[in-house]
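Report on the following structure.
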Amino acid sequence: MALETPAKTELVRDLLGRPLASLRVSVIDRCDLRCQYCMPEEHYTWLPSKDILNAAELERVVDAFCQIGVRSVRLTGGEPLLRADLLELVTRLTRLPLVEDLALTTNARRLARQAEPLREAGLRRITVSLDSLQPVRFEELTRRAAHAKVLEGIRAAAATGFDAIKINSVVMRGFNDDELVDLLEFGREIGAEVRFIEYMDVGGATHWSLGEVVSQQEMLAKLEAHYGPIERETGRGSAPAERFRLRDGTRFGIVASVTEPFCGACDRSRLTADGLWYTCLYAQQGTDLKPLLRNGADRERLVRRISAGWAGRTDRSAEERRDDPHRGVLYQVSELQADPHREMHTRGG
Numbered sequence: 007m008a009l010e011t012p013a014k015t016e017l018v019r020d021l022l023g024r025p026l027a028s029l030r031v032s033v034i035d036r037c038d039l040r041c042q043y044c045m046p047e048e049h050y051t052w053l054p055s056k057d058i059l060n061a062a063e064l065e066r067v068v069d070a071f072c073q074i075g076v077r078s079v080r081l082t083g084g085e086p087l088l089r090a091d092l093l094e095l096v097t098r099l100t101r102l103p104l105v106e107d108l109a110l111t112t113n114a115r116r117l118a119r120q121a122e123p124l125r126e127a128g129l130r131r132i133t134v135s136l137d138s139l140q141p142v143r144f145e146e147l148t149r150r151a152a153h154a155k156v157l158e159g160i161r162a163a164a165a166t167g168f169d170a171i172k173i174n175s176v177v178m179r180g181f182n183d184d185e186l187v188d189l190l191e192f193g194r195e196i197g198a199e200v201r202f203i204e205y206m207d208v209g210g211a212t213h214w215s216l217g218e219v220v221s222q223q224e225m226l227a228k229l230e231a232h233y234g235p236i237e238r239e240t241g242r243g244s245a246p247a248e249r250f251r252l253r254d255g256t257r258f259g260i261v262a263s264v265t266e267p268f269c270g271a272c273d274r275s276r277l278t279a280d281g282l283w284y285t286c287l288y289a290q291q292g293t294d295l296k297p298l299l300r301n302g303a304d305r306e307r308l309v310r311r312i313s314a315g316w317a318g319r320t321d322r323s324a325e326e327r328r329d330d331p332h333r334g335v336l337y338q339v340s341e342l343q344a345d346p347h348r349e350m351h352t353r354g355g
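The opening residue of the sequence shown carries number 7 in the numbering used here; numbering runs sequentially from there.
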């Protein structure tokens, strides 16, 4: 079905004055790794396959989001490279006139074979999750012997000619906080910008504790001990990562969602593979857009529903959790099993 002619877009702001400019679409809830900070259990309740939105439905809903301000779309999961029609989806989304930036986040296990087709389909930016350069440590974290394939995938992406490649590394005390320099040097070697991420208490992080969080200040201290003075860049805007620069010009970022949350500038929301829309990563409830998509709703009805949902938004959950003296894990295992939409791999990062 052909999409409607592009309409005049109208920027919608929430009750705290924040626009909706970025959408993260989890295209599949399955993953082929079992990272301890995201999927620490071995068995999970998966979304029914009949509920997963097809490529045309995802195209329609992304188009609707664009009508009220979204310009940046990121495909996430789970592991998006597991989705059979991913190339079709990328092609569809790159043809939407209001999508200015389409990116994808992957664990890179399957990227070596898919990097070139993704680039040909129109994908321009890619982010890879890589938390350790040590094979034994990587396998301990992911419970899969996939380290060599991940590095192969990253190097294939670097050789393919994407406009930008980023590496995301979740930093955990006593596990990989001694690899900051190594990861930064690896990023420099392949031409990727590294972003260090504070270990977050979201979704299925059932083993999370505040003591395992390495703060942005600690990361900078470790890096300055090796590289010397580090410059903080200005003009962050709504980006989740604060950017820094070494004396030789090498740039890197830190996402300090735990110790220095950025709720006041957050302009992003998340859509699950079965059409549940969340206005905050920590949100308890979402808005189900699938019935509208499958019952023939036109763009205008979709836009009205999304606009109303964003206009009433007051979320600042990361700030609230930072100030909670009794902060612990977000959900217990029984709660996650009762509602798989609470999982990070379902909701997308």
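Quick reminder that beta carbons are idealized off the backbone N, C-alpha and C, glycines included. Source: prediction; values computed, not measured.
Near residue i, which residues of its chain fall below 6 Å by C-beta distance, leaving aside the five closest residues on each side in sequence?
{"i": "Ser-135", "result": "Asn-113, Asn-174"}
{"i": "Ala-121", "result": "Ala-162, Ala-163, Thr-166"}
{"i": "Ser-221", "result": "Thr-265"}
{"i": "Pro-25", "result": "Leu-17, Arg-19, Gly-75, Asp-273"}
{"i": "Thr-256", "result": "Arg-194"}
{"i": "Glu-224", "result": "none"}
Buried or exposed for residue i, going by 16 or more other Cβ atoms inside 10 Å?
{"i": "His-332", "result": "exposed"}
{"i": "Leu-117", "result": "buried"}
{"i": "His-351", "result": "buried"}
{"i": "Ala-70", "result": "buried"}
{"i": "Ser-3", "result": "No answer is possible for residue 3: it lies beyond the span of the chain, which begins at 7 and ends at 355."}
{"i": "Gly-355", "result": "buried"}
{"i": "Trp-240", "result": "For the record, residue 240 in the displayed sequence is Thr; it is not Trp. By the neighbour-count rule (16 or more Cβ atoms within 10 Å), Thr-240 is not buried but exposed."}
{"i": "Leu-216", "result": "exposed"}
{"i": "Arg-253", "result": "exposed"}
{"i": "Glu-85", "result": "buried"}
Does the distance from the CB of residue i to the CB of residue j come in under 8 Å?
{"i": "Arg-131", "j": "Phe-168", "result": "yes"}
{"i": "Arg-179", "j": "Glu-218", "result": "yes"}
{"i": "Leu-29", "j": "Ser-313", "result": "no"}
{"i": "Leu-129", "j": "Leu-110", "result": "yes"}
{"i": "Ala-324", "j": "Pro-235", "result": "no"}
{"i": "Thr-320", "j": "Leu-21", "result": "yes"}
{"i": "Leu-299", "j": "Glu-63", "result": "yes"}
{"i": "Val-339", "j": "Asp-207", "result": "no"}
{"i": "Glu-195", "j": "Gly-259", "result": "no"}
{"i": "Thr-148", "j": "Arg-40", "result": "yes"}
{"i": "Leu-189", "j": "Val-31", "result": "no"}
{"i": "Glu-204", "j": "Ala-289", "result": "no"}
{"i": "Ser-244", "j": "Cys-269", "result": "no"}
{"i": "Val-177", "j": "Phe-202", "result": "yes"}
{"i": "Val-187", "j": "His-232", "result": "yes"}
{"i": "Arg-249", "j": "Arg-242", "result": "yes"}
{"i": "Val-68", "j": "Ala-27", "result": "no"}
{"i": "Arg-119", "j": "Val-156", "result": "no"}
{"i": "Leu-87", "j": "Thr-100", "result": "no"}
{"i": "Trp-283", "j": "Ile-74", "result": "no"}
{"i": "Thr-212", "j": "Lys-172", "result": "no"}
{"i": "Arg-98", "j": "Glu-146", "result": "no"}
Closer than 8 Å, CB to CB, is residue i near chain D or not?
{"i": "Ala-90", "result": "This model lacks chain D altogether, as it is built from one protein chain only."}
Less than 8 Å between C-beta atoms, sequence neighbours within five positions excluded: which residues of the same chain meet that for residue i?
{"i": "Ile-58", "result": "Ile-34, Ala-279, Asp-280"}
Quick one: what does DSSP say residue i is sitting in, helix, strand or coil?
{"i": "Gly-234", "result": "coil"}
{"i": "Val-261", "result": "strand"}
{"i": "Leu-17", "result": "coil"}
{"i": "Ile-173", "result": "strand"}
{"i": "Asp-69", "result": "helix"}
{"i": "Ser-138", "result": "coil"}
Quick one: residues in its chain with C-beta nearer than 7 Å to the C-beta of residue i, no 5 flanking neighbours on either side, listed in chain order?
{"i": "Leu-342", "result": "Gly-210, Arg-348, Glu-349"}
{"i": "Pro-123", "result": "Leu-93"}
Kindly give me the distance between the Cβ atoms of residue i and residue j, rounded to whole angstroms, as I take these residues to be in contact under 8 Å.
{"i": "Arg-307", "j": "Leu-295", "result": "Contact flag wrong, Cβ pair sits at about 10 Å."}
{"i": "Thr-424", "j": "Pro-297", "result": "Outside the shown range of the chain (7 to 355) lies residue 424, about which nothing can therefore be said."}
{"i": "Cys-72", "j": "Leu-95", "result": "The Cβ separation is near 15 Å, so there is no contact."}
{"i": "Leu-287", "j": "Arg-238", "result": "Actually they are not in contact, since the Cβ atoms of Leu-287 and Arg-238 sit about 25 Å apart, beyond 8 Å."}
{"i": "Ala-61", "j": "Asp-91", "result": "5 Å"}
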